[in-house]
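A.B. asks:
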Amino acid sequence: MPRTIKTAQITKTVAKLCAEANRSVGDDIYAALCDARRGETAPAAMMALDMILENSKAAGCEKLPICQDTGMAVVFVTIGFEVHVEGDINEAINEGVRQGYKNGYCRNSIVSDPIRRVNTGDNTPAVIYYDFKPGDKVSITVMPKGFGSENMSAVRMLIPSDGIKGAEDFIVETVRAAGSDPCPPVIVGVGIGGTMEKAALLAKQALLREVGSVHADMFWANAERRLLARLNELGIGPSGFGGRTTALGVHIMTYPTHIAGLPVAVNIGCHATRHKTAVL
Amino acid sequence: MQPVNVTTPISDAAIENLRAGDYVLMSGAVYTGRDAAHKRMIELLDSGKKLPFDPRGCAIYYTGPCPAPPGRVIGSAGPTTSRRMDAYAPRLMQEGLRVMIGKGARSEAVIRAIRQYKGVYLSAVGGTGALSALCIEQAEVIAFEDLGPEAIYKLTIRDLPMIVAIDCKGKEWS
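Residue numbers (the working numbering), protein chains in the order written: chain A, 1361 to 1640; chain B, 6 to 179.
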């Protein structure tokens, strides 16, 4: 017998995750920001980091969103093979976004058409990705993605001869060109391999990894370490005010790819890179 | 860092005293405006109409605030990326705009306009919208209410922290 999950439960969960994700910085990111603050000596960089840390406390105490850009809601849903969702799950998720953004005093930042640009008034629709795995659980992650950082992201279709050096140079160049626009210190999600859109999706999923965690594959762990060192030599610094901390982490995810290709996607996350997960 | 206190309306002399890299605590009235409001303001000027506020000597804060929770005048309201307003800023400076507050770099054309009209561009700390909200004492929508978060608000701020990113001589802080 499949386990039944009602759409009302999904709506309630998504609403809660939207409001909470917008008000709280992850413990991993907060710890990385504190470490960064200890490593800075430039007064402007220290001031910016102090304000960023104070802001996350203020958001918690005053129940205000961390940032006025409460993002486009990106929702990752993983459904167990043995789960039956009763009803329209797409609509249930969008209703959750509607309620969560309203009750959390979040900004409505979505326009219905990218050129004609009329605000939908309730922050829907969300961008939803479904995945399936064994089991009888449903996991839901809400990532409110701000566009200061999203706008500075990039995909490039490299070729095999570009190799690891070509990939690393493209990643560094993307972060350098972003400057202070994406609200550094940033978290850099990288997707390498697959097809164009697969690389982009991996780059976004890579932003969900815990900051400070080490890649399981030594080859990629070394690449991440090299990249983080190079990024922190760019001198952009917190809020673009200069200093040693341009990035808090570089997270790479890979996928098999075609004999002719080397897709590389870079998704930049701001110093809050908000996300919350619940398992039903 | 030793702050310079600045209150709007800001005199030409006060602008000329600001140097790239100065740490500023800004108080007084500022108008919000971002992409959609800027587009509309330029359309008004192009059709010979007046702006919804007197631009002479004024300050624009590039932000689209969150709605006000109970007991507050406004929600989170940090700076947005200024680059997106580069296409419109020189025209508004021609009309009298002198102070721009946002985050990130500006175009050559904006830097030229800052030099020509003796304006100033200040960078607030991106992603600290909750703290910014605590520096806002009054908020009132004065135009384009239909744009929601992109409407023009008149905000009264107190000691909003920022750094002079481009001074009136066009010198960039980096």
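The C-beta atom is built at its ideal place from N, Cα and C for all residues, glycine as well.
Is the distance from the Cβ of V35 (chain B) to the Cβ of I162 (chain B) below 8 Å?
C.D. replies: Closer than 8 Å, so yes.
A.B. asks: Under a Cβ-count criterion, where at least 16 other Cβ atoms within 10 Å of its own Cβ denotes burial, should I147 (chain B) be classed as buried or exposed?
C.D. replies: Classification of I147 (chain B): exposed, given that the 10 Å Cβ count is below 16.
A.B. asks: Please confirm whether A1375 (chain A) and G1447 (chain A) have their CB atoms less than 8 Å apart.
C.D. replies: Not in contact: A1375 (chain A) and G1447 (chain A) (Cβ atoms no closer than 8 Å).
A.B. asks: By how many angstroms is the C-alpha of G1629 (chain A) removed from the C-alpha of D1482 (chain A)?
C.D. replies: Cα to Cα, D1482 (chain A) sits roughly 23 Å from G1629 (chain A).
A.B. asks: Leaving out the 5 sequence neighbours to the left and right, which residues in its chain are closer than 6 Å to R1477 (chain A) when beta-carbon positions are compared?
C.D. replies: So the qualifying residues of the chain are V1471.
A.B. asks: Assuming contact is defined by CB atoms lying nearer than 8 Å, are T1605 (chain A) and I1552 (chain A) in contact in what I supplied?
C.D. replies: No, they are not a contact pair.
A.B. asks: In terms of residue numbering, what span does the alpha helix (DSSP H) encompassing Y122 (chain B) cover?
C.D. replies: Taken as a continuous stretch (DSSP letters only), the alpha helix (DSSP H) holding Y122 (chain B) covers 113–122.
A.B. asks: Which whole-angstrom value describes the C-beta separation of F1507 (chain A) and D1429 (chain A), a residue pair presumed to lie in contact below a C-beta threshold of 8 Å?
C.D. replies: 6 Å between Cβ atoms; contact.
A.B. asks: Should V1535 (chain A) go down as buried or exposed, given a rule of 16 or more other Cβ atoms within 10 Å for buried?
C.D. replies: Buried: at least 16 other Cβ atoms inside 10 Å.
A.B. asks: Output, in sequence order along the chain, the residues in the stretch 80–100 of chain B whose CB is closer than 8 Å to any CB in chain A.
C.D. replies: If the cut-off is 8 Å between Cβ atoms, the stretch 80–100 of chain B has G80, S81, A82, G83, T85, T86, R88 near chain A.
A.B. asks: So N1454 (chain A) contacts chain B; which residues on that side make the cut at Cβ distance below 9 Å?
C.D. replies: Chain B residues near N1454 (chain A): none, gap ~18 Å exceeds 9 Å.
A.B. asks: For a contact defined as C-beta to C-beta under 7 Å, what are the partners of F1601 (chain A) on chain B?
C.D. replies: Neighbours of F1601 (chain A) on chain B, chain order: I168.
A.B. asks: Which one of A:I1389, A:M1432, A:A1418, A:M1361 has the shortest CA to CA distance from N1511 (chain A)?
C.D. replies: Nearest C-alpha to N1511 (chain A): A:M1432.
A.B. asks: Can you give me the C-alpha to C-alpha distance between A92 (chain B) and P1494 (chain A), rounded to a whole angstrom?
C.D. replies: A92 (chain B) and P1494 (chain A): Cα-Cα distance of roughly 52 Å.
A.B. asks: In whole angstroms, what separates the C-alpha of A82 (chain B) from that of E1442 (chain A)?
C.D. replies: Taking the straight line joining both Cα atoms gives about 44 Å.
A.B. asks: Given S52 (chain B), which residues of its chain have a CB within under 8 Å of its CB, disregarding the five upstream and five downstream residues?
C.D. replies: Within the same chain, S52 (chain B) has no close Cβ partners at all.
A.B. asks: For L136 (chain B), which residues in chain A fall below 7 Å Cβ to Cβ?
C.D. replies: Here the neighbours are M1411, E1414, N1415, A1418.
A.B. asks: Within its chain, find whatever has a CB closer than 7 Å to the CB of S1540 (chain A); leave out the 5 residues flanking it on each side and keep chain order.
C.D. replies: So the qualifying residues of the chain are I1596, S1599, G1600.
A.B. asks: In three-state terms, what does DSSP make of Y67 (chain B)?
C.D. replies: Y67 (chain B) falls in the coil class under three-state DSSP.
A.B. asks: With a threshold of 8 Å between beta-carbons, can L30 (chain B) be considered close to chain A, or not?
C.D. replies: Judged by the 8 Å Cβ criterion, L30 (chain B) is not in contact with chain A.
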